[in-house]
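Student: Encoded as structure tokens, here's the structure I'll be asking about.
In UniProt numbering, the protein residues as written are 1 to 250.
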């Protein structure tokens with residue numbers, strides 16, 4: 001009995017020993033790491049989650065028409081067969097942005113043309129978003145006529161102003177990835193297409209004004225004048241799809 005009692009005391013002593021605890025420094029380091037990870041994950045805001053058009057509407061309209069459909073997690077534009085004169089169905093974001101990185105995937109139809117805008121101002125007298133918003137071109141370079149109208153009209157170009165340094169588009173029917181940077185604080189804009197930086201340009205005057213003066217937009221009163229504006233996806237009359245749209249404000 002005495003031996004059993006001694007064994008019980010030994011087990012009790014060892015069982016009551018506290019497990020080693022983290023030091024305050026270790027706890028602080030763990031908390032910092034978790035905070036940094038959460039911050040990195042939350043830097044991006046999803047603009048299209050593949051399930052709804054929440055956060056979007058058609059230019060100068062309240063909603064999104066049936067010409068835009070959600071298919072396999074992508075927003076797909078189906079050009080109407082009977083389009084009324086000058087009617088268009090360009091999508092624009094509900095919110096406005098100033099300095100950001102915009103990431104999205106696009107897939108163009110054979111011989112197709114579209115684009116991605118920023119700095120859009122919805123003004124009743126202006127019927128198209130490109131009257132205010134500069135465009136990064138989306139194009140089938142090989143089959144659309146614009147692909148032969150100079151490199152500043154090809155996919156990834158700052159349309160009619162800055163040409164891509166090389167053509168890194170994927171074959172029609174495959175997805176391409178844009179990362180578009182607009183940063184007025186550092187006077188730097190740029191386009192990364194499928195992992196390759198192909199376009200760089202200034203954003204602030206006098207460099208921006210000089211660049212516009214040499215383009216088709218030289219005499220357009222409102223073009224490129226709004227540092228804060230909406231994001232837009234173009235209806236150029238061809239089938240086009242976009243997915244995985246997110247933005248990181250700078």
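C-beta atoms are modelled at their ideal positions from N, C-alpha and C, and glycine is treated no differently.
Taking the CB atoms as reference points, tell me whether residue 168 and residue 180 lie closer together than 7 Å.
Tutor: The count along the chain shown starts at 1 and reaches residue 168 at position 168. The count along the chain shown starts at 1 and reaches residue 180 at position 180. In this structure, residue 180 does not lie closer than 7 Å to residue 168 by Cβ.
Student: Note down the Cα distance separating residue 185 from residue 149, rounded to an integer number of angstroms.
Tutor: Here the question's residue 185 lines up with position 185 in the chain shown. Here the question's residue 149 lines up with position 149 in the chain shown. Their Cα atoms are separated by approximately 33 Å.
Student: For the stretch 185-236, list the beta strand (DSSP E) runs that are entirely contained and at least 3 residues long, ordered along the chain.
Tutor: For the stretch 185-236, the continuous beta strand (DSSP E) assignments of 3+ residues that do not extend past its boundaries occur at 188-193, 196-201, 229-233, in sequence order.
Student: What are the residues that DSSP puts in a beta bridge with residue 97?
Tutor: Reading the chain shown from its first residue, position 97 is the one you call residue 97. Residue 97 pairs with 229.
Student: Is it buried or exposed, residue 86, if we count other Cβ atoms within 10 angstroms and call 16 or more buried?
Tutor: On the chain shown, position 86 is the one that residue 86 refers to. Under this definition residue 86 is an exposed residue.
Student: Helix, strand or coil: which one does DSSP assign to residue 147?
Tutor: The sequence position of residue 147 within the chain shown is 147, counting from 1. Residue state, collapsed to three classes: helix.
Student: Taking the alpha carbon of residue 164 as the reference point, which residue from 144, 138, 121 has its own alpha carbon closest?
Tutor: Walking along the chain shown from the start, residue 164 turns up at place 164. Ranking the options by Cα distance to residue 164, first place goes to 138.
Student: Apart from the five residues on each side of it in sequence, which residues of its chain come closer than 7 Å, Cβ to Cβ, to residue 98?
Tutor: By one-based count along the chain shown, residue 98 stands at place 98. Within its own chain, the residues whose Cβ lies closer than 7 Å to the Cβ of residue 98, once the five positions on either side in sequence are excluded, are 184, 227, 228, listed in chain order.
Student: Quick one: what's residue 57 bridged to in DSSP?
Tutor: Locating residue 57 in the chain shown gives position 57, where the first residue counts as 1. Its beta-bridge partners are 92.
Student: Please check the pair residue 246 and residue 103, which I expect to be a contact at CB under 8 Å, by giving their CB distance rounded to whole angstroms.
Tutor: Position 246 of the chain shown holds residue 246. Position 103 of the chain shown holds residue 103. The pair is a contact, with the Cβ atoms about 5 Å apart (cut-off 8 Å).
Student: Just to confirm, are residue 232 and residue 67 a CB contact at a threshold of 7 Å?
Tutor: Locating residue 232 in the chain shown gives position 232, counting from the first residue. Locating residue 67 in the chain shown gives position 67, counting from the first residue. Taking 7 Å as the Cβ cut-off, residue 232 and residue 67 do not qualify as a contacting pair.
Student: Does the stretch 194-206 touch the stretch 152-166, meaning 3 or more C-beta pairs lie closer than 8 Å?
Tutor: yes
Student: Starting from residue 246, trace the beta strand (DSSP E) both ways and give me its first and last residue.
Tutor: For the purposes of this step, residue 246 is identified with residue 246 of the chain shown, where counting begins at 1. Looking at the DSSP string, the run of the beta strand (DSSP E) that includes residue 246 is 240-249.
Student: Helix, strand or coil: how does DSSP classify residue 152 here?
Tutor: In the chain shown, counting from the first residue as 1, residue 152 sits at position 152. Shown here, residue 152 sits in a helix according to DSSP, grouped into three states.
Student: Quick one: is residue 173 buried, meaning 16 or more other Cβ sit within 10 Å of its Cβ, or exposed?
Tutor: Counted from its first residue, the chain shown places residue 173 at position 173. By the neighbour-count rule (16 or more Cβ atoms within 10 Å), residue 173 is not buried but exposed.
Student: Ends of the beta strand (DSSP E) at residue 176?
Tutor: Translated into positions along the chain shown, residue 176 becomes position 176. Per DSSP, the unbroken beta strand (DSSP E) holding residue 176 starts and ends at 176-183.
Student: In terms of alpha-carbon separation, which member of 129, 189, 212, 57 lies closest to residue 236?
Tutor: As a working note, residue 236 is residue 236 in the chain shown. For the residues 129, 189, 212, 57, the minimum Cα distance to residue 236 belongs to 129.
Student: Taking the alpha carbon of residue 230 as the point to measure from, which residue in 60, 47, 119, 50 has its own alpha carbon closest?
Tutor: Numbered from its first residue, the chain shown carries residue 230 at position 230. Closest option to residue 230, Cα to Cα, is 119.
Student: Could you give the C-beta distance for residue 60 and residue 124, rounded to a whole number, given that I count them as a contact under 8 Å?
Tutor: As a working mapping, residue 60 is identified with position 60 in the chain shown. As a working mapping, residue 124 is identified with position 124 in the chain shown. With a Cβ gap of about 7 Å, residue 60 and residue 124 count as contacting.
Student: Could you compute how far the alpha carbon of residue 134 sits from the alpha carbon of residue 114?
Tutor: Against the chain shown, residue 134 aligns to sequence position 134. Against the chain shown, residue 114 aligns to sequence position 114. The alpha-carbon atoms of residue 134 and residue 114 are separated by roughly 13 Å.
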